[in-house]
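Undergrad:
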Amino acid sequence: TINLSKPEKDPKMIAMQLGQRSTTYPKCQLCVENEGYRGTGAYDGRSNMRIIPITLNNEPWYFQYSPYSYFNEHSIVLHQEHKPMIIDRTTFVKLLDFLDLFPTYFVGSNAGLPIVGGSILDHEHFQSGKHHFPIEKAKGKLVEKKEEVSVYQLVWPLSTIRLRSANKTEIIDLANKILLKWQDYENKELSLCNSNGEPHHTLTPISRKEGKDYVLDLILRSNFTNEEFPGGVFHPHADCHHVKKENIGLIEAMGMGILPPRLKIEFGLITKILLGSEELIKDLRLTKHLSWIQELKPKFTAVDDPMEFVQKEAGLVFSKALKDAGVFKMDPAGQKAFSDFIKKAIT
């Protein structure tokens, strides 16, 4: 989906905002003070927004429907306090507490680190809704059954461990065990480094209920950078940036691409080029797409709907971006290392 509601965000700007003390009112777009706020010339109003108080892990939280509706009943679950995103044991408790209140919804949290997190890192929140994503259909190989928790290794571009159990405490404990092992994991051959005194490894956890069972998908993330990939080794690489250069957040990690608004116009221009308007290739807005357009031309046929064709090809670029973000690649060496990690993490 092309997001026409929000401008494209630079991952470096998102990282810079983390830890900065806000002097505005409200402090951010997720703060409870936004309810009914009329806004200013520099700050969008939320005069028609209402939030519902709920309790998660014995803490005050709030539920609201998202002003940017990407899917059915897209909602935001936000902490009463303006404090940074974090992934720890209490995250799993809060996600499953939410499912006890809203068993027909999914709920997930973005990672709390720059590059692999969402667009807002300074206010703890989750996203939820009544929607089924492609990741739910991903095939899983049963690795082991640990007491009452089944552990699966998913066939998915982003390395994902699926836990399934009706026992809430056991699934939380095992998820936390995997988190702690992942935070300390190193495999320099795969560029999975955990050095220089900064945390690099975290999770994007997503949960839902299926009958009596809690299903918890733990997507392994790393924000490690090096000279070759200064924007992130496990971030969309430069050859994807003409379509997707923003962080891969939890919605995208589940298989739904949220693409920037500029693409609506740019895709329209590309379709005209494919139909013969070659002079449009000089449009400066298409500079970033030039090599891609040359790849598209021989693939396009007269029987294709031009916009559907371009959107499908953009989906392939997005799929490549997801593969870039996978910490254990889909090749045999990567999948063996992934399997070895799971077995050690749950032992």
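The opening residue of the sequence shown carries number 1 in my numbering; numbering runs sequentially from there.
Ideal placement from N, C-alpha and C gives every residue a C-beta, glycine not left out.
Values in this document were obtained by computation on a predicted structure and should not be read as measured data.
Would you grab the beta carbon distance between residue 244 and residue 318 for me? Rounded to a whole angstrom, and I think it's under 8 Å.
TA: Mapped onto the sequence shown, residue 244 falls at position 244. Mapped onto the sequence shown, residue 318 falls at position 318. About 6 Å separates the two Cβ atoms, so the contact holds.
Undergrad: Could you have a look at residue 61 and say whether DSSP puts it in helix, strand or coil?
TA: Sequence index remark: in the sequence shown, residue 61 carries index 61 (1-based). Strand at residue 61.
Undergrad: Within 10 angstroms of its Cβ, does residue 84 collect 16 or more other Cβ (buried), or is it exposed?
TA: Translated into the one-based positions of the sequence shown, residue 84 becomes position 84. Residue 84 is exposed by the Cβ-count criterion.
Undergrad: Which residues mark the beginning and the end of the alpha helix (DSSP H) in which residue 346 is found?
TA: Looking up residue 346 in the sequence shown gives position 346. First-last of the alpha helix (DSSP H) with residue 346: 332 to 346.
Undergrad: Which residue from 69, 36, 35, 59 puts its Cα closest to that of residue 1?
TA: Indexing the sequence shown from 1 puts residue 1 at position 1. Per the Cα distances, 69.
Undergrad: Is the beta carbon of residue 87 less than 7 Å from the beta carbon of residue 202?
TA: Numbered from its first residue, the sequence shown carries residue 87 at position 87. Numbered from its first residue, the sequence shown carries residue 202 at position 202. Cβ atoms of residue 87 and residue 202: closer than 7 Å.
Undergrad: If you drop the 5 nearest sequence neighbours on each side, which residues of the same chain put their C-beta closer than 7 Å to that of residue 342?
TA: As a working note, residue 342 is residue 342 in the sequence shown. Here the set comprises 143, 151, 153, 161.
Undergrad: Would you say residue 327 and residue 159 are within 7 Å of each other, going by their C-beta atoms?
TA: To locate residue 327, count along the sequence shown from 1; it is residue 327. To locate residue 159, count along the sequence shown from 1; it is residue 159. Yes, they are a contact pair.
Undergrad: Here's a check: name, in chain order, each residue in its chain whose Cβ is nearer than 7 Å to the Cβ of residue 93, leaving out the five neighbours to either side.
TA: Within the sequence shown, the letter at position 93 stands for residue 93. Excluding positions up to five away in sequence, the list reads 57, 172.
Undergrad: Which residues in the same chain have their Cβ closer than 6 Å to the Cβ of residue 334, if we skip the five residues on either side of it in sequence?
TA: Against the sequence shown, residue 334 aligns to sequence position 334. Contacts found: 328.
Undergrad: Mark residue 155 as exposed unless 16 or more other C-beta atoms lie within 10 angstroms of its C-beta, in which case mark it buried.
TA: On the sequence shown, position 155 is the one that residue 155 refers to. Residue 155 comes out exposed.
Undergrad: Per DSSP, residue 126 forms a beta bridge with which residues?
TA: Stepping through the sequence shown from its first residue, residue 126 is reached at position 126. 77, per the DSSP bridge assignment.
Undergrad: Using a Cβ-Cβ cutoff of less than 8 Å, which residues in the same chain neighbour residue 105 once the five nearest sequence positions on both sides are dropped?
TA: As a first step, residue 105 is located in the sequence shown; it is residue number 105 there, counting from the start. Result list for residue 105: 73, 75, 98, 99, 128, 129, 130, 208, in chain order.
Undergrad: With DSSP run on the structure shown, which of helix, strand or coil describes residue 205?
TA: As a first step, residue 205 must be located in the sequence shown, where it is residue number 205. Looking at residue 205 - three-state DSSP - the assignment turns out to be strand.
Undergrad: Residues in its own chain within less than 7 Å of residue 141 by CB, not counting five upstream and five downstream?
TA: Along the sequence shown, read from residue 1 onward, the residue named residue 141 stands at position 141. Closer than 7 Å at Cβ, skipping near neighbours: 152, 153.
Undergrad: Within the same chain, show all residues whose beta-carbon is closer than 7 Å to that of residue 253, passing over the 5 residues directly before and after it, in chain order.
TA: Here residue 253 refers to the residue found at position 253 of the sequence shown. Closer than 7 Å at the Cβ level, and outside the excluded window around residue 253, lie 158, 204, 219.
Undergrad: Please state if the CB of residue 164 and the CB of residue 217 are separated by a distance shorter than 7 Å.
TA: The sequence position of residue 217 within the sequence shown is 217, counting from 1. The sequence position of residue 164 within the sequence shown is 164, counting from 1. Result no, Cβ atoms of residue 217 and residue 164 do not sit closer than 7 Å.
Undergrad: Under the DSSP definition of a beta bridge, which residues are partnered with residue 210?
TA: For the purposes of this step, residue 210 is identified with residue 210 of the sequence shown, where counting begins at 1. Paired residues: 213.
Undergrad: Does residue 112 come out as helix, strand or coil in the three-state DSSP assignment?
TA: Residue 112 sits at position 112 when you count from the first residue of the sequence shown. Correct three-state label for residue 112: coil.
Undergrad: Compare the C-alpha of residue 177 against each of 286, 89, 38 and name the closest.
TA: In the sequence shown, the residue the question calls residue 177 occupies position 177. Among 286, 89, 38, the Cα nearest to that of residue 177 belongs to 89.
Undergrad: Could you please give me the residues that DSSP links to residue 249 through a beta bridge?
TA: Sequence index remark: in the sequence shown, residue 249 carries index 249 (1-based). The partner list for residue 249 (beta bridge, DSSP) is empty, contrary to what the question assumes.
Undergrad: By the 10 Å Cβ neighbour count, where 16 or more other Cβ atoms means buried, how is residue 316 classified, buried or exposed?
TA: Numbered from its first residue, the sequence shown carries residue 316 at position 316. It is exposed - the Cβ of residue 316 has fewer than 16 other Cβ atoms within 10 Å.
Undergrad: Enumerated in chain order, which unbroken segments of the alpha helix (DSSP H) with a length of 4 residues or greater are wholly contained in the stretch 134 to 183?
TA: Counting only runs of 4 or more, we get 168 to 183.
Undergrad: Just to confirm my understanding: we take residue 225, look at its own chain, exclude 5 residues before and 5 after, and list those with CB closer than 6 Å. What are they?
TA: To locate residue 225, count along the sequence shown from 1; it is residue 225. Only 232 meet the Cβ criterion.
Undergrad: Use the C-beta contact count for residue 186: other C-beta atoms within 10 angstroms, 16 or more gives buried, fewer gives exposed.
TA: Looking up residue 186 in the sequence shown gives position 186. So residue 186 counts as exposed.
Undergrad: Throw me the rounded Cβ distance for the residue 51 and residue 35 pair, which I believe falls under 8 Å.
TA: Translated into the one-based positions of the sequence shown, residue 51 becomes position 51. Translated into the one-based positions of the sequence shown, residue 35 becomes position 35. Confirmed, about 5 Å.
Undergrad: Can you grab the Cα-Cα spacing for the pair residue 103 / residue 215, in whole Å?
TA: Along the sequence shown, read from residue 1 onward, the residue named residue 103 stands at position 103. Along the sequence shown, read from residue 1 onward, the residue named residue 215 stands at position 215. Spanning the two alpha carbons is a distance of roughly 11 Å.
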